[in-house]
Amino acid sequence: MQVNIVQTPRFTDRRADGYLSYPSRIASGVFKRGIKVNLYDPPTLIKMLKNDKFLPDETGEVLHFRSTLPRKHIEDLTTRGFICVNSAEAVYNSMDKIHSQMLAKANDIPIAPTHEKLLSSESSDIKKELADIMDLHSWSSCVIKPNFSSGNGANVWKIDRNEIEQFDIKRFYRAKFWVVQKCISYDRIIRTILHGGELVQECVTYDQPLPGGWKCTVCINPHMKYEPNPTDELKKFVEKVCGVIKADDPGIAYIDVFETSSGYVYGETNLNCTLEQHEQVTGFPVYQHKADYLISLLQNR
Numbered sequence: 003m004q005v006n007i008v009q010t011p012r013f014t015d016r017r018a019d020g021y022l023s024y025p026s027r028i029a030s031g032v033f034k035r036g037i038k039v040n041l042y043d044p045p046t047l048i049k050m051l052k053n054d055k056f057l058p059d060e061t062g063e064v065l066h067f068r069s070t071l072p073r074k075h076i077e078d079l080t081t082r083g084f085i086c087v088n089s090a091e092a093v094y095n096s097m098d099k100i101h102s103q104m105l106a107k108a109n110d111i112p113i114a115p116t117h118e119k120l121l122s123s124e125s126s127d128i129k130k131e132l133a134d135i136m137d138l139h140s141w142s143s144c145v146i147k148p149n150f151s152s153g154n155g156a157n158v159w160k161i162d163r164n165e166i167e168q169f170d171i172k173r174f175y176r177a178k179f180w181v182v183q184k185c186i187s188y189d190r191i192i193r194t195i196l197h198g199g200e201l202v203q204e205c206v207t208y209d210q211p212l213p214g215g216w217k218c219t220v221c222i223n224p225h226m227k228y229e230p231n232p233t234d235e236l237k238k239f240v241e242k243v244c245g246v247i248k249a250d251d252p253g254i255a256y257i258d259v260f261e262t263s264s265g266y267v268y269g270e271t272n273l274n275c276t277l278e279q280h281e282q283v284t285g286f287p288v289y290q291h292k293a294d295y296l297i298s299l300l301q302n303r
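Each position in the sequence shown, counted from 1, maps to that position plus 2 in this note's numbering.
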């Protein structure tokens, strides 16, 4: 049996300098349980795929992707018999943000009102196009974000209808396509972690916008807070989302949810997150929980 963690090359380089990356911490958790573990970087793994004899160990082999890998390669690895966490379908359903929103909506999961077509930065008059979208839906303000995440939330902006002309057009060129959503009022944004489609109840965190503000984050944020008593409603909500995204069996997902006065609203699903700060805030060693889940996929195959 073997667990493989696929991480970015720069983490591998930094590990040689004594930096224990979060993927390396997961690997240490696997090693503590007496299971063989290996760290790959994506280029090496893709190169190995050129060899038809590159096959999993007969007793079972897991690949946990902590770095982006093209969908076709994940499909190839799955066909060869590797247990892939996450699947190619889950990667597509989470990375493509407009698709993720429409998928949730089609399955009766509340989302922020969303324009169903992407805004292109290559538009001949992108500001006019954005104004037309807001006028079509009668939105006084909207939030735009890249269809494929970039900048850990730095490239997410709120724009009022009367501020479009003053908006720095250079910001649009940071991504090719943008999701446009109505700016909704919410009390908190909640980060949930799910292993195998089940909420890890010991490691739920949240953040709140400052008075008069609209933006907060549960990603790389030292000021996030611990939610020790997640509700059954939240548990059911995120576990349903996880199933719809197909990140449940097998799967590891990080699902962000807006808590509003009328209930929970789906934010987005991520498949790769660094969780040191979440562990510091909650006091829960989620890296070990994650390692044990990966091992369970081998033991229960």
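Ideal placement from N, C-alpha and C gives every residue a C-beta, glycine not left out.
Check: Inside the region 77 to 113 only - alpha helix (DSSP H) runs reaching at least 4 residues; Outcome: 90 to 97 and 99 to 108
Check: Nearest to L79 (by Cα), restricted to the options S263, G199 and V8; Outcome: V8
Check: Start and end residues, beta strand (DSSP E) containing S143; Outcome: S143 to P148
Check: Inside the region 207 to 285 only - beta strand (DSSP E) runs reaching at least 3 residues; Outcome: 207 to 209, 254 to 262 and 265 to 272
Check: Simplified DSSP state of E118, which is helix, strand or coil; Outcome: coil
Check: Whole-number beta carbon distance between L296 and M3, since they are thought to touch under 8 Å; Outcome: About 10 Å separates the two Cβ atoms, so there is no contact after all.
Check: E165, DSSP secondary structure in three states; Outcome: helix
Check: Residue from V64, N272 and H280 whose Cα sits closest to the Cα of S152; Outcome: N272
Check: K147 burial status per 10 Å Cβ neighbour count (16 or more: buried); Outcome: buried
Check: Pairwise C-alpha distance: R35 and R190; Outcome: 37 Å
Check: Close-in-space but distant-in-sequence residues of the same chain around S69 (CB under 6 Å, 5 per side omitted); Outcome: V8, Q9, T10 and P44
Check: Q9 (DSSP reduced to helix, strand or coil); Outcome: coil
Check: Proximity below 9 Å, CB of P252 to CB of C86; Outcome: yes
Check: Rounded separation between P112 and E261 - CA only; Outcome: 11 Å
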